[in-house]
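Since the structure comes first, as structure tokens, the remarks are kept for the end.
Number of protein chains: 2
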Amino acid sequence: MRQAWLLFSRQGFEATTVDQIAAAAGMSRRTFFRYFTGKDELVLTRLVESGESVVEAFRARPADEPVWTSLRRAFDEGVVQQEAHAALARPLLVMLRTEPGVRATVVEWRRRWQDLLEPAVAERLPRRRAGSSPDVRAAAIVASALSCLETAQGAWAEHPHSRLSTLLDQAMTTVTA
Amino acid sequence: MRQAWLLFSRQGFEATTVDQIAAAAGMSRRTFFRYFTGKDELVLTRLVESGESVVEAFRARPADEPVWTSLRRAFDEGVVQQEAHAALARPLLVMLRTEPGVRATVVEWRRRWQDLLEPAVAERLPRRRAGSSPDVRAAAIVASALSCLETAQGAWAEHPHSRLSTLLDQAMTTVTA
DNA sequence: GACCGTGATGACACTGCGTGCCACTTCTGC
DNA sequence: GCAGAAGTGGCACGCAGTGTCATCACGGTC
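Same order as they appear, the protein sequences are chains P and A.
Each residue of the first sequence is one higher than the one before, counting from 1 in the working numbering.
Each residue of the second sequence is one higher than the one before, counting from 178 in the working numbering.
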């Protein structure tokens, strides 16, 4: 992982071959593929582990708080982390947005967060008498919130003097207004 | 394109090789790559062309209408199209959600729509005195709306007896509520 | 100390994607 | 008829990812 991220930051994601990573880590190409499904997974695990506790943060919010507010607060921990390590976080975010080869991984990351948050959000929504059409409310809320987060992160990564928390506030209040 | 989609629907995206597509279309592999950047592009062009007119639809809405409502209405044309050709649209959506290899293409599609819609939405928002932080309002709104669309489409694809327009209404009203 | 399973490792071969290079054909204008 | 341009296909290459098999180190057993 360490060697891979060194190479990524120096050469970019696409330009780094599995051979290089394996060589730098002192193992064969074949062995690399025994531990990781591919280069993608190196990115994914980092993304996931960097924000595993969002759901707990959400669940810890008072039940009578508006869901949207709880989500905003649940993002706070990650936001603080990123602002604290801006020097590392910004280039990473830029890479995620510019390198086409990583796009699929970002989707996967989104899907994981979606799957984690959706049931937690669903619990907080008012019961709906089971009609014929499926209930998309929780999914829509979570997906939109994640969109706001991504949007804010993207803008923050590209504007050195901006504050992530401010941008996220702006994004999330605009949508519900 | 036609041959490719025949193969995709029969074997799935991943399982279809470029050789097969090229052979089915009566051309060499090399020639295929002269016209398309890869299998992805076959999917992407189909997605893009299937909804090129959303921006016009949005721009045609009255300027004093709430932006969120205008977006909902702008999606209408595509929604109607999909419901009319549900037999084709549903399997396509399922493929987009299940086949990992197409994920990157979906992101690209999203990005295109985002780039198209964002400036149009920005025009409709109240002016904001140019502060230090960048303006993410339009980006956040569009991204959230697209999330709602994707969410609704996903649910619709998986629930045969549901109506896409109903699901989209439910998704979009929930977020702003 | 010799023996044997077990698991980790690495070498090799193979499929598939995507690209660069070059030869060949066809079409077009002079 | 001919030169040039454009389209086409063959070949070779690098890279991702997978299956197969040999090798090697380890711990326990006799």
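Here a beta-carbon is modelled for each residue, glycine too, at the ideal position from N, C-alpha and C.
Quick one: which residues of the segment 157–172 of chain P get their C-beta closer than 9 Å to a C-beta of chain A? List them in chain order.
From the segment 157–172 of chain P, only E158, H159, H161, S162, R163, T166, L167, L168, Q170, A171 and M172 have a Cβ closer than 9 Å to chain A.
Please specify which runs of the alpha helix (DSSP H), each continuous and at least 4 residues long, are wholly inside the segment 84–115 of chain P, giving them in chain order.
Entirely contained in the segment 84–115 of chain P, the alpha helix (DSSP H) runs reaching 4 residues are, in chain order, 86–98.
Buried or exposed: Q259/A, going by 16 or more other Cβ atoms within 10 Å of its Cβ?
Position 82 of the second sequence holds residue 259/A. With 16 or more other Cβ atoms within 10 Å, it is buried.
Give the interface partners of A317/A over in chain P, defined as CB-CB distance under 8 Å, in chain order.
Here residue 317/A is taken as the residue at index 140 of the second sequence, counted from 1. S147, C148, T151, A152, Q170, A171, M172, T174 and V175, listed in chain order.
Are the beta-carbon atoms of A334/A and L270/A separated by less than 7 Å?
Against the second sequence, residue 334/A aligns to sequence position 157. Against the second sequence, residue 270/A aligns to sequence position 93. Contact flag set, yes.
With a cut-off of 8 Å on the beta carbons, I'd call S321/A and V283/A a contact; round off their distance for me.
Position 144 of the second sequence, counted from the start, is the residue given in the question as residue 321/A. Position 106 of the second sequence, counted from the start, is the residue given in the question as residue 283/A. Actually they are not in contact, since the Cβ atoms of S321/A and V283/A sit about 17 Å apart, beyond 8 Å.
How many Å lie between A234/A and S53/P at the Cα?
Translated into positions along the second sequence, residue 234/A becomes position 57. Translated into positions along the first sequence, residue 53/P becomes position 53. Each residue's alpha carbon lies about 41 Å from the other.
Relative to the alpha-carbon of L323/A, which residue among H336/A, M204/A, S339/A and V256/A has its alpha-carbon at the smallest distance?
For the purposes of this step, residue 323/A is identified with residue 146 of the second sequence, where counting begins at 1. When each option's Cα is compared against that of L323/A, the closest is V256/A.
Between A299/A and the rest of its own chain, which residues show a CB-CB distance below 7 Å, the 5 nearest in sequence each way excluded?
In the second sequence, counting from the first residue as 1, residue 299/A sits at position 122. Within the same chain, A299/A has close Cβ partners A315.
E335/A lies in the alpha helix (DSSP H); which residues open and close that run?
On the second sequence, residue 335/A is found 158 positions in, with the first residue counted as 1. Unbroken alpha helix (DSSP H) run through E335/A: R314 to E335.
Enumerate in chain order the residues of its own chain whose CB-to-CB distance from P243/A is below 8 Å, with the five nearest sequence positions on each side excluded.
Position 66 of the second sequence holds residue 243/A. Closer than 8 Å at Cβ, skipping near neighbours: no residue.
Report the neighbours of A264/A on chain P: residues whose CB is nearer than 9 Å to its CB, in chain order.
Counting from one through the second sequence, the residue named residue 264/A turns up at place 87. None at all; the shortest Cβ gap to chain P is about 19 Å.
Flag this pair as touching only if the segment 188–200 of chain A and the segment 212–229 of chain A have three or more C-beta atom pairs under 8 Å; answer yes or no.
Yes: at least three Cβ pairs fall under 8 Å.
Given this structure, state the Cα-to-Cα distance separating I318/A from V48/P, to the nearest angstrom.
Counting from 1 along the second sequence, the entry for residue 318/A is found at position 141. Counting from 1 along the first sequence, the entry for residue 48/P is found at position 48. Spanning the two alpha carbons is a distance of roughly 25 Å.
Just the C-alpha distance for Q347/A and G101/P, rounded to the nearest angstrom, thanks.
For this step, residue 347/A is matched to residue 170 along the second sequence. For this step, residue 101/P is matched to residue 101 along the first sequence. Rounded to whole angstroms, Q347/A to G101/P spans 34 Å at the Cα level.
If contacts are defined as beta-carbon pairs under 8 Å, then E295/A and E191/A qualify, I think. What distance do you get, rounded to the angstrom?
Numbered from its first residue, the second sequence carries residue 295/A at position 118. Numbered from its first residue, the second sequence carries residue 191/A at position 14. Contact doesn't hold; Cβ gap of about 32 Å is too wide.
Ignore the nearest five residues each way along the sequence and tell me which others in R128/P's own chain have a CB closer than 7 Å to its CB.
Numbered from 1 along the first sequence, position 128 holds the residue referred to as residue 128/P. Counting only Cβ-Cβ distances below 7 Å, and skipping sequence neighbours, we find D135.
Give me the subset of the segment 125–137 of chain P whose CB atoms are less than 9 Å from a CB atom of chain A, sorted by chain position.
The segment 125–137 of chain P vs chain A, Cβ under 9 Å: L125, S132, S133, P134, D135, V136 and R137.
In angstroms with no decimal places, state the Cα-to-Cα distance between C325/A and T173/P.
What you label residue 325/A is simply residue 148 of the second sequence in a count that begins at 1. What you label residue 173/P is simply residue 173 of the first sequence in a count that begins at 1. Distance between the alpha carbons of C325/A and T173/P: 17 Å.
Who are the Cβ neighbours of A22/P in its own chain at under 8 Å, not counting the five residues just before and after it?
Start at 1 with the first residue of the first sequence, and residue 22/P comes out as number 22. Excluding positions up to five away in sequence, the list reads S28, R29, T31 and F32.
Would you check if the distance between the CB atom of A332/A and the CB atom of L345/A is smaller than 7 Å?
Residue mapping note: residue 332/A aligns to position 155 of the second sequence, counting from 1. Residue mapping note: residue 345/A aligns to position 168 of the second sequence, counting from 1. It is not a contact, given that the beta carbons lie outside the stated cut-off.
Looking at chain A, is there any beta carbon in it that lies within less than 7 Å of the beta carbon of V67/P?
For the purposes of this step, residue 67/P is taken as residue 67 along the first sequence, with counting starting at 1. So, not an interface residue.
Just verifying my parser: in three-state terms, what is the DSSP assignment at T193/A?
Within the second sequence, residue 193/A is the residue found at index 16, counting from 1. In this structure, T193/A counts as coil in the three-state DSSP scheme.
Can you confirm whether R280/A, when its beta carbon is compared against all beta carbons of chain P, has any partner nearer than 7 Å?
If you number the second sequence from 1, residue 280/A lands on position 103. Output row for R280/A: interface = yes.
Does DSSP classify R304/A as helix, strand or coil?
In the second sequence, counting from the first residue as 1, residue 304/A sits at position 127. In this structure, R304/A counts as coil in the three-state DSSP scheme.
For chain P, check one thing: does any of its Cβ atoms lie closer than 7 Å to the Cβ of V284/A?
Here residue 284/A is taken as the residue at index 107 of the second sequence, counted from 1. Yes, V284/A lies at the interface with chain P (some Cβ there is under 7 Å from its Cβ).
Step through the CB atoms of chain A and report whether any lies within less than 7 Å of the CB of A63/P.
Taking the first residue of the first sequence as position 1, residue 63/P is located at position 63. Answer no: the Cβ-Cβ gap between A63/P and chain A never drops below 7 Å.
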